[in-house]
Amino acid sequence: MPGDSLRKKADPVLPAKEVAKGSTENVENKKKSGSNENDQEKKRNSEEEEAKGSKEEFKGMKDRDKDREKPAHPQKQPAPQKREKMKPNDLVKNESTVWKVVQLLGSGGFGDVYKVFNENAKDGKEFAMKTETLGGHRRLMRLKIEVMVLMDCQEAPAIHRQHFVEFIDKGKTDNFKFLVMSLVGPSLEDVRKTYLAHNYSMATAMYCAMQTLDAVADLHFLGYLHRDIKPANFAVGLNEPQAQIYVLDFGISRRHIDPKTGQPKGPRSRVKFIGTMRFAARACHLLQDQGRKDDLESWMYMVSFFVNRDLEDLDFF
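Note that UniProt numbering has the sequence shown beginning at 1, numbered continuously upward.
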């Protein structure tokens with residue numbers, strides 16, 4: 001009948017083998033489809049984890065660079081007390097000495113440097129008085145380490161004291177602490193900028209290089225790192241010892257020899273940038289603890305400036 005033929009065409013009966021084959025193919029296709037979906041999901045998860053890791057790494061780099069841009073004290077520090085500068089003829093009294101101010105030599109954020117003389121002495125010899133205002137953050141109070149270095153220097157053999165100013169006196173008033181030391185001439189930076197309109201001659205540059213290297217070596221002999229080697233922290237002598245060069249400003253110096261064991265201290269894992277950007281050693285820029293080699297690296301940069309004034313105008317400084 002026509003209806004039967006139509007049913008036969010519409011509902012063909014497949015052999016058992018064909019049915020089994022079709023079922024197997026469907027199962028395999030489902031497995032492949034599921035496997036592909038799993039692979040895609042794993043790939044997405046992997047990409048998400050990689051992107052997350054990249055973000056964290058980038059964040060870490062930003063945090064590191066942020067630390068590099070900051071000075072040695074990243075947290076906001078309390079401002080020092082407002083201070084009035086001393087005037088000529090002002091007196092600073094200690095237990096046994098009265099210091100009379102001659103003139104102001106220079107100023108900083110937390111203190112000043114004055115030319116003074118001992119009013120009780122008859123020779124009228126002049127000295128330098130460095131003051132530090134009371135009330136600032138303790139990490140910015142740097143006069144203590146300067147006193148420590150100069151007092152340790154007094155106990156060193158004479159051959160290792162030649163490049164240090166002489167410690168004279170120290171004390172404290174109601175407004176500031178002070179250190180009195182021997183007076184020296186202009187810094188090597190002032191000599192070049194103020195008294196010379198050009199580079200040092202090669203002979204002068206080499207002489208300054210040898211003298212400053214001796215000074216750094218003597219400081220290391222005492223067990224300290226300077227950590228701010230630059231022309232502004234070396235000065236020529238006055239009067240007879242004019243040819244002598246002195247190392248100054250130990251405000252951010254650090255003892256690198258343990259006084260108990262006599263051995264170098266181990267590196268710290270976490271440090272901040274400290275020093276002067278232009279002359280800082282690579283370890284300082286990388287926020288790594290500094291050693292004697294880093295003082296010498298800064299010294300080499302300084303000597304390059306002795307020889308070539310044009311380095312001052314380079315864009316990366």
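A virtual CB, placed ideally from N, CA and C, is assigned to each residue, including glycine. As the structure is a computational prediction, the values presented were derived from the model and not from experiment.
Determine, using beta-carbon pairs with one atom in the segment 170-180 and one in the segment 122-138, whether at least three such pairs fall under 8 Å.
The segment 170-180 vs the segment 122-138: in contact.
Give every residue of the same chain whose Cβ lies closer than 8 Å to the Cβ of residue 256, excluding the five residues on either side of it in the sequence, and list them in chain order.
As a working mapping, residue 256 is identified with position 256 in the sequence shown. Excluding sequence neighbours, residue 256 sits near 220, 223, 224, 225, 264, 265, 291 and 292.
Start and end of the beta strand (DSSP E) containing residue 182?
Residue 182 sits at position 182 when you count from the first residue of the sequence shown. Segment 176-182, the beta strand (DSSP E) holding residue 182.
What distance in whole Å lies between the Cβ atoms of residue 104 and residue 125, which are believed to be in contact at a cut-off of 8 Å?
By 1-based counting over the sequence shown, the position of residue 125 is 125. By 1-based counting over the sequence shown, the position of residue 104 is 104. Between residue 104 and residue 125 the Cβ distance is about 19 Å, and since that is not below 8 Å, they are no contact.
Which residue wins for smallest C-alpha separation from residue 210, given the options 200, 232 and 245?
The residue you call residue 210 lines up with position 210 of the sequence shown. When each option's Cα is compared against that of residue 210, the closest is 245.
Identify every run of the alpha helix (DSSP H) within the segment 165-234, keeping only runs that are complete inside it and at least 4 residues long; order them along the chain.
202-221, all fully within the segment 165-234.
Is DSSP giving residue 159 helix, strand or coil here?
Here residue 159 refers to the residue found at position 159 of the sequence shown. Note: residue 159 maps to helix in three-state DSSP.
Hey, does residue 158 have any beta-carbon neighbour from chain D nearer than 8 Å?
Here there is only one protein chain, and chain D is not present.
Pull up the distance between the alpha-carbon of residue 115 and that of residue 184, whole angstroms please.
The sequence position of residue 115 within the sequence shown is 115, counting from 1. The sequence position of residue 184 within the sequence shown is 184, counting from 1. Going from the Cα of residue 115 to the Cα of residue 184 covers about 10 Å.
Quick one: what's got a C-beta closer than 7 Å to residue 213's C-beta in the same chain, skipping five residues either side?
Taking the sequence shown and counting its residues from 1, one reaches residue 213 at position 213. So the list reads 299, once near-sequence residues are dropped.
Which residues in the same chain as residue 307 place their Cβ atom closer than 6 Å to its Cβ, once the five residues preceding and following it in sequence are excluded?
The residue given as residue 307 occupies position 307 in the sequence shown. So the list reads 205, once near-sequence residues are dropped.
What residues match up with residue 107 in a beta bridge as DSSP calls it?
The residue you call residue 107 lines up with position 107 of the sequence shown. Partner(s): 112.
Helix or strand or just coil, what does DSSP make of residue 300?
The residue you call residue 300 lines up with position 300 of the sequence shown. Three-state DSSP puts residue 300 in a helix.
Looking at the secondary structure, which residues open and close the alpha helix (DSSP H) in which residue 147 lies?
Sequence index remark: in the sequence shown, residue 147 carries index 147 (1-based). From DSSP, the alpha helix (DSSP H) with residue 147 extends over 143-154.
Quick one: give me the first and last residue of the beta strand (DSSP E) that residue 280 is part of.
Counted from its first residue, the sequence shown places residue 280 at position 280. No beta strand (DSSP E) contains residue 280, which DSSP labels as neither H nor E.
So, using beta-carbon positions, are residue 94 and residue 169 closer together than 8 Å?
Counting from 1 along the sequence shown, the entry for residue 94 is found at position 94. Counting from 1 along the sequence shown, the entry for residue 169 is found at position 169. Cβ atoms of residue 94 and residue 169: closer than 8 Å.
Relative to the C-alpha of residue 144, which residue among 83, 281, 253 and 302 is closest?
Sequence index remark: in the sequence shown, residue 144 carries index 144 (1-based). Of the listed residues, the one whose Cα sits closest to residue 144 is 253.
Taking all protein chains shown into account, decide if residue 111 is buried (16 or more other Cβ within 10 angstroms of its Cβ) or exposed.
Here residue 111 refers to the residue found at position 111 of the sequence shown. Buried, because 16 or more other Cβ atoms sit within 10 Å of the Cβ of residue 111.
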